[in-house]
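Peer 1:
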């Protein structure tokens with residue numbers, strides 16, 4: 036089911052600058068304490084964007100489609116292998 040494009044508009048708030056950001060965080064934190072609610076920061080400017088991880092977005096950029104779990108695992112394996120060729124794997128056991 037797709038939401039209408041303006042579904043989240045009433046929840047969105049544009050913040051200009053750090054003071055405005057801090058004011059918004061304090062207001063949301065106070066609301067959470069008062070109501071027992073919990074919020075998650077998405078970190079994107081448009082609530083209409085799908086909730087894809089960066090690896091899924093990279094896969095889509097390369098292949099033009101959303102991956103299956105099997106395809107994503109293969110893609111992740113290639114990313115790890117490339118990181119190893121760059122000597123970015125500081126610990127062979129993954130730590």
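Numbering (our numbering), first residue to last: 36 to 130.
Even for Gly, the Cβ is constructed at its ideal location relative to N, Cα and C.
Small disclaimer: the values here were computed from a predicted structure and weren't measured.
Just to confirm, is the Cβ distance from residue 110 to residue 89 under 9 Å?
Peer 2: Along the chain shown, read from residue 1 onward, the residue named residue 110 stands at position 75. Along the chain shown, read from residue 1 onward, the residue named residue 89 stands at position 54. For residue 110 and residue 89, no; Cβs fall outside 9 Å.
Peer 1: Where does residue 48 fall in DSSP's three states?
Peer 2: Taking the first residue of the chain shown as 1, we reach residue 48 at position 13. If DSSP states are grouped into helix, strand and coil, residue 48 belongs with coil.
Peer 1: Only counting the same chain, and skipping five residues up and downstream in sequence, which positions put a Cβ closer than 8 Å to that of residue 74?
Peer 2: As a first step, residue 74 is located in the chain shown; it is residue number 39 there, counting from the start. Exclusion of the five residues before and after residue 74 leaves 63 and 67 as the residues of its chain whose Cβ lies within less than 8 Å of its Cβ.
Peer 1: Looking at the unbroken alpha helix (DSSP H) that takes in residue 93, where does it start and where does it end?
Peer 2: Here residue 93 refers to the residue found at position 58 of the chain shown. Run containing residue 93: 89 to 98, per the alpha helix (DSSP H) assignment.
Peer 1: Would a C-beta distance cut-off of 9 Å place residue 91 and residue 101 closer than the cut-off?
Peer 2: To locate residue 91, count along the chain shown from 1; it is residue 56. To locate residue 101, count along the chain shown from 1; it is residue 66. For residue 91 and residue 101, yes; Cβs fall inside 9 Å.
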